[in-house]
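Asker:
Numbering (our numbering), first residue to last: 6 to 81.
In structure tokens:
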């Protein structure tokens, strides 16, 4: 994780403040400053982020697999 502000720190701040959130993770793919991320979170939350991100990745993968299976079923 970068030690300072990420490429999209201003956008991360805006999202965190708009959501009245304690922390925010912003991942940008192909943005106007390239791909990157910004994380704003209190120190105790940082230790939980790897587990939280793995859980999110598993959910995304599962949803993708289900969507592919459904598309194949509809195509046949």
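C-beta atoms are modelled at their ideal positions from N, C-alpha and C, and glycine is treated no differently.
Taking C-beta to C-beta, are residue 30 and residue 44 nearer than 8 angstroms?
Answerer: yes
Asker: In whole angstroms, give me the CA-to-CA distance for residue 20 and residue 81.
Answerer: 42 angstroms
Asker: Could you check if residue 36 is buried or exposed, using at least 16 other CB atoms within 10 Å of its CB as the buried criterion?
Answerer: exposed
Asker: Roughly how many angstroms lie between the CA atoms of residue 26 and residue 63, to the nearest whole one?
Answerer: 23 angstroms
Asker: Could you name the residues that DSSP lists as bridge partners for residue 36?
Answerer: 39
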